[in-house]
Structures are given as C-alpha cells and as structure tokens.
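> After the structure tokens below, expect a handful of questions from me.
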Amino acid sequence: MDSLISVSTALLALTCGVWWGAGKAKLIIDQKKYSEAQFTPEQLKALSVRLPYSVTAGLLFWPVMLLVAVRSWGYEPYSIPSASMEPSLLKGDFIAVEKFSYSLRDPIFRMELLRLGEPERADVVVFKWPLYPAQHFVKRIVGLPGDTIIERDGALFVYPRCDSDRACESIVTRSELDNIEVLGAKSYRIQFDHDTKRSQLEFWRQLNQPMGQWVVPENHYFVIGDNRFHSEDSRYWGFVPRHLMVGVARNIIFSLERDDAVRVRTDRIGSIDMLE
C-alpha cells in the first residue's frame, strides 16, 4: 500500500507538472499572439477571464510536489497497531517518523540520493519488513554492523566489534528492579509479559552461530521490541538491511485508547519516552 501511494503521488505530480508546463507554454504563445492583435475593451475583459484556465489545473503541480517532498523526505505519521513496543509505545499511539535522519531516497525505487547519518543503538525506527516489504514495523535498534548479540531469557548482551584483540564487554546493562535497560549512553524501559513467553527454539538461527546468538553483517541492523516476550523481531526473522529503513520515530503526535469507549490519551503526546 505504501509503495502504491508513493507511485500514485509521484505520477500525479508528474502529470500536473506536464499539464502546468503545457498550459504555461500555451499562455506565453497566446499572450504573444494577442499582444500583436487589436481588441475592443469587452474582448480583452473576456480574454482576461478565459486565459488563466489553461493553467489552473496545472497549478496543482506545486502543492502535489510539496506533498511528495514532505512525505518522501520530511515527516510522515504512522500508527502503532500492537503491543510489541510497550511501554515506550502503546497500541493506538500515532507517531511522527523523521525520514531524513539517515538518508534521502527517491519515493518510487527507494534508491539512496544522499546519505545524511547513521543508525544508532537505541534508535526507535520504522522499517519495511524484510520478509514482506509492503508491511511496516517499528522496533528499537540494538545491534549495529559487526556487533554480536546474545539473548538469554529476554535479557540482551551486546558485544560491539572491537578494534583490538582484547575481549569486548557487553554494553547493555539492566536494572532487574524496574526493568530499565541501558544501551550505551541511552536508557529506556522494557517489559516482560511472561504469559506470552516463547521458546528459544523458535528463534531464527544464523549460519555458524549457536541458537540465541547473532553477528550483525555489514549494512544490516538487529532490531527488537521493548516488550520482549510479545514482539516479532530480528530474533525470529533476521536482520534489517539499511535500504529498508524508513526513518526514526521522533514524537507521539496523537494517541487513542479503544477499550469500552474511545478516549484520547493527551498525556501520551510528546517525545517518545527516553530516560537519558
């Protein structure tokens, strides 16, 4: 659906652009022709009303181009459909995704036009699911290229690629008391729903690695949900290639709770909860 919208919007912009250009060219030709002719005041008044209609429809080109630019390279809203990112993001939250955090891409083929930044650990990102790119997921980056990730009963151990021969220490710490996870310089709350705990045997097993351990390849990232036992993420289907990254979730712009009645959660509106 997202690809269809992107293609449709781009084609609409192209159509409006051609229409606008053709209308503008006709207007210039007509103005030159009319400037060389003699008209009565009544005829000039009628022409002044009719001439702009040759370009009116084409003027849609500019607002459509603005829409394409904002949607492709600015911000776009996404809704949270599940509990996989609780407690950071709740089902019913609407987030603003910053699409220029890492790169600018063309809206149709997703080719990188300009690289602007690099994904960082603890970034909450929206990406196209590698197994079905038409579907979007939102998770947290925990592993960068070269990192070794080990998962034990929901707890993470992240060993970054070392530049020396010495053994690297895990950069993740966690407070068992309040379920606060610290990843490098960033901290955030995580959640363990033991009623939905799944066996490690369901994990995706990387070639030449033991179960529950992964080494992140170049230009790929390991992502995971904050609700550790209620999230389909890299543990189950593998890494996310860089070119499938859509952007970084920056803010919660709206939030709806749908229980017995629909309620707007105004207290949820604002930046995504980080404890740093």
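For the sequence shown, the working numbering begins at 2 and goes up steadily by one.
By construction, the Cβ of each residue, glycine as well, lies at the ideal position given by its N, Cα and C atoms.
1. DSSP state of A84, grouped into three classes?
2. What is the rounded straight-line gap between the Cα of D179 and the Cα of D154?
3. In whole angstroms, give me the CA-to-CA distance for E219 and L67.
4. Do the CB positions of F204 and H221 come within less than 8 Å of each other?
5. Once you ignore the five residues that flank S83 on each side, which residues in its own chain have a CB closer than 7 Å to its CB?
6. How big is the Cα-Cα spacing for I109 and E170?
7. Ends of the alpha helix (DSSP H) at R141?
8. From this set, S80, D94, G75, which residue's C-alpha is nearest V265's C-alpha?
9. Is it right to say N228 is buried, meaning 16 or more other beta carbons lie within 10 angstroms of its own, or is it exposed?
10. What are the boundary residues of the beta strand (DSSP E) that S232 is part of?
11. Just mark E182 as buried or exposed, buried being the case when its beta carbon has 16 or more other beta carbons within 10 Å.
12. Output yes or no for whether 8 Å exceeds the beta carbon distance between H100 and G248.
13. Between V159, T197, R122, I172, which lies nearest to Q214 when the distance is taken from Cα to Cα?
14. Look up P211 in the DSSP assignment and say whether it is helix, strand or coil.
15. Within the continuous beta strand (DSSP E) that includes S104, where are the two ends?
16. Pairing CB atoms from the region 193 to 210 with CB atoms from the region 129 to 136, are three or more of them under 8 Å?
In short, the structure shows the following:
1. coil
2. 17 Å
3. 35 Å
4. no
5. K92
6. 42 Å
7. Looking at the DSSP string, R141 is not in any alpha helix (DSSP H); the run it does join, the beta strand (DSSP E), is 137 to 144.
8. D94
9. buried
10. Here S232 belongs to no beta strand (DSSP E), and DSSP marks it neither H nor E.
11. buried
12. First, the residue type needs correcting, since residue 100 is Lys and not His in the sequence shown. Yes, they are a contact pair.
13. V159
14. coil
15. 104 to 106
16. no
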